[in-house]
Amino acid sequence: MFLKIITFTAVSFAISGFIALGLIVSDRPIVLPELDAGEGLNFESTIARGISQAPDQTDVVMGDGWKMPVRQYGGQAASKPLLILVHGSGWVGLQFNNLANALSDEAYVVVPDLRGHGPSAERRGDVDYIGQMEDDIAALIKSERLAGQQVILAGHSSGGGLVTRFAGGTHGDLIDQAILLAPFLKHNAPTTRVNSGGWAHVLTRRIIGLSMLNTFKITVLNHLKIIQFNMPKAAREGKYGHLATLSYSFRLNTGFAPRADYLKDIKALPEFTLIVGSEDEAFFADKYEPLMSDVTDKGSYHIVAGESHMSMVDAAETEALIRSTFK
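Set out below in structure tokens:
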């Protein structure tokens, strides 16, 4: 009887493995088509604005020796909050340059380029393991905060998803407040438009196959690409194209979003402010509050009229709302 059980288990495992591998190899990255006008995300305001008065990057050494590139705005003081701004998918911390400069009079603002991103990424679009970016942010907080200092973790788009994941993880007690700028909550959350507004090409079968392998603790293929970003040509080939990351591995993408039970991560958030543009191309602005208020009463929700997914970061109302959280 025992032998039969062992045999059945082994056969089931083998069949699951073959199915998983079949799904993985049948779904591969493609050459993405050029987007028509009005499709995908609008990077025009970001590109046209340009990047000026950006402080030089310094390095904060992580536990494994990797040097996280960060920019620091404003002087450090225990009387000022430590505000860490986490960039969204495919981009870098410089997306916050105007906002960080504006807020630096009342906060010590630290803006990292996450692992796997930036002009000099060691392995672009990849990390070592799921959850590594959470560990990196925890190390950054511990390196930068002063005793008794208020810690605010803010993120835009997938960066907002990472902030939500962070709150629900082992390091969640390191933050006092969260700011979510048009956050990605999960692909199946009611807030998310199809393919995040058409700019994300998701290798769904490959994700399913890798997820199956991961249930058996098989992670050897987690470096494979599972999502591609269709940035406009002006963004990927223009002046700032060297900053873009156009695809993610399974392990980076998984760790850059809330967990499968995303409502549990949302419930773990500390006091938070959510800000989204009324014209967001990736997410439904009016669906955040009814979804999230069902599991937490700690949120304050704001829709910025006339702003898109990217432009809302630099909106005057966004700056004012963030400023109002400083204590």
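FYI, the numbering for the sequence shown is 2 to 328, going by the numbering used here. C-beta atoms are modelled at their ideal positions from N, C-alpha and C, and glycine is treated no differently.
Nearest-angstrom Cα separation, counted from residue j out to residue i
{"i": "Asp331", "j": "Thr165", "result": "Here the chain has residues from 2 to 328 only, and residue 331 is not among them."}
{"i": "Asp136", "j": "Val61", "result": "13 Å"}
{"i": "Phe167", "j": "Ile142", "result": "12 Å"}
{"i": "Leu343", "j": "Asp57", "result": "Lying outside 2 to 328, the shown extent of the chain, residue 343 is not represented and no answer is given."}
{"i": "Tyr302", "j": "Ile16", "result": "47 Å"}
{"i": "Glu318", "j": "Ile304", "result": "10 Å"}
{"i": "Gly162", "j": "Phe44", "result": "20 Å"}
{"i": "Leu264", "j": "Thr255", "result": "16 Å"}
DSSP three-state assignment for residue i, whether helix, strand or coil
{"i": "Arg237", "result": "helix"}
{"i": "Asp60", "result": "strand"}
{"i": "Ile52", "result": "coil"}
{"i": "Thr329", "result": "Any answer about residue 329 is impossible in this case: the structure gives the chain only from 2 up to 328."}
{"i": "Lys68", "result": "strand"}
{"i": "Gln151", "result": "coil"}
{"i": "Phe9", "result": "Confidence at Phe9 is low in this model, with a pLDDT of 49, below 50, so its placement is unreliable and the value that follows should be read with caution. Correct three-state label for Phe9: helix."}
{"i": "His303", "result": "strand"}
{"i": "Ser325", "result": "coil"}
{"i": "Ser212", "result": "helix"}
{"i": "Lys265", "result": "helix"}
{"i": "Gln133", "result": "helix"}
{"i": "Ser309", "result": "coil"}
Burial state of residue i (16 or more Cβ within 10 Å)
{"i": "Asn231", "result": "buried"}
{"i": "Phe9", "result": "Note that Phe9 has pLDDT 49, beneath the 50 cutoff, so the model's placement of it is unreliable and no number is given."}
{"i": "Tyr130", "result": "exposed"}
{"i": "Ala139", "result": "buried"}
{"i": "Asn223", "result": "buried"}
{"i": "Ala79", "result": "exposed"}
{"i": "Thr205", "result": "exposed"}
{"i": "Asp114", "result": "buried"}
Cut-off 8 Å between Cβ atoms - residues of its own chain near residue i, not counting five sequence neighbours on either side
{"i": "Ser248", "result": "Pro30, Gly126, Lys226, Ile228, Gln229, Phe230"}
For residue j and residue i, believed in contact at Cβ under 8 Å, the rounded distance
{"i": "Ser309", "j": "Asp281", "result": "6 Å"}
{"i": "Leu86", "j": "Val110", "result": "7 Å"}
{"i": "Met313", "j": "Ile276", "result": "7 Å"}
Contacting residues, own chain, Cβ-Cβ under 7 Å from residue i (five flanking each side not counted)
{"i": "Glu107", "result": "Lys81, Arg324, Phe327"}
{"i": "Pro271", "result": "Ala168, Ile176, Asp177, Gln178, Ala179, Lys299"}
{"i": "Thr297", "result": "Ile267, Lys268, Leu270"}
Sequence-distant residues of the same chain with beta carbon closer than 6 Å to residue i, five excluded per side
{"i": "Gly91", "result": "Phe230, Ala245, Thr246"}
{"i": "Ala1", "result": "Since the first and last residues shown for the chain are 2 and 328, residue 1 lies out of range."}
{"i": "Leu154", "result": "Ile85, Val164, Ile176, Ala179"}
Proximity test, Cβ basis, 9 Å: residue i and chain C
{"i": "Phe19", "result": "Absence of chain C from the displayed structure is noted, only one protein chain being present."}
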